[in-house]
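In the UniProt record's numbering, the protein residues as written are 1 to 169.
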């Protein structure tokens, strides 16, 4: 599939398609939208294990959204490639406020072994304001769940957060 076709597909899926949802201050459960932005995919597999592994997300007050328009937090795994930066940004902009940004794994935090170069932008920490960084290579599903619970139990989502990276890096 060509690059132009893939970008058009992502733009149509993540672009605005009607009035924005009103901001919800205390939604139950807290909804997460996962974007794997590049790298080795190990952290993405751990997030999928969290979703499908019987970790009691509903009891913890968490759920995963199928669209960013219904999500409270953007969960990013992988070092962001230059091709995925517009997709991450589009998902962030489609989310209602208040919203939060989670970086899961070493690659999402600081790029891990994928330092900034012609194809990769590296991690989110140097590019934007991250609300929660969950370290590991990869972190276990339990570590991810514990990090999210620690975040929501101690802080409020920041409506002024700068959000994820831009394509320029």
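No residue lacks a Cβ here, since even glycine has one placed at the ideal position from N, Cα and C.
Predicted model only: the values in this text are computed from it and were never measured.
Worksheet item: Of all the beta strand (DSSP E) runs that stay within the bounds of the stretch 95–132, which reach a length of 3 or more residues?
Response: 100–104, 120–122
Discussion item. Quick test of the definition: if touching needs 3 or more C-beta pairs under 8 angstroms, does the stretch 70–79 touch the stretch 115–127?
Written reply: yes
Discussion item. Taking its Cβ as the centre, do 16 or more other Cβ atoms sit within 10 Å of residue 56, making it buried, or is it exposed?
Written reply: What you label residue 56 is simply residue 56 of the chain shown in a count that begins at 1. The residue is exposed, with fewer than 16 neighbouring Cβ atoms inside 10 Å.
Item to complete: Give me the Cβ distance between residue 135 and residue 49, rounded to the nearest whole Å; I'm assuming they're in contact under 8 angstroms.
Response: Within the chain shown, the letter at position 135 stands for residue 135. Within the chain shown, the letter at position 49 stands for residue 49. Residue 135 to residue 49, Cβ: 17 angstroms. No contact.
Discussion item. If you reduce the DSSP assignment to three classes, tell me which class residue 70 lands in.
Written reply: Position 70 of the chain shown holds residue 70. Residue state, collapsed to three classes: helix.
Worksheet item: Below 8 angstroms between beta carbons: does that hold for residue 74 and residue 60?
Response: For the purposes of this step, residue 74 is taken as the residue at position 74 of the chain shown. For the purposes of this step, residue 60 is taken as the residue at position 60 of the chain shown. Not a contact, by the Cβ cut-off of 8 angstroms.
Discussion item. By DSSP's criteria, residue 31 is part of a beta bridge. Which residues make up the other side?
Written reply: Position 31 of the chain shown, counting from 1, holds the residue named residue 31. Answer by DSSP bridge pairing, in chain order: 63.
Worksheet item: Based on the DSSP secondary-structure assignment, which residues constitute the bridge partners of residue 40?
Response: As a position in the chain shown, residue 40 is number 40, starting the count at 1. Paired residue(s): none; residue 40 is not in a bridge.
Practice prompt. Please classify residue 26: does DSSP put it in a helix, a strand, or coil?
Written response: Counting from one through the chain shown, the residue named residue 26 turns up at place 26. With a pLDDT of 47 at residue 26, under the threshold of 50, the modelled position of that residue is not reliable, and the figure given next carries that caveat. In this structure, residue 26 counts as coil in the three-state DSSP scheme.
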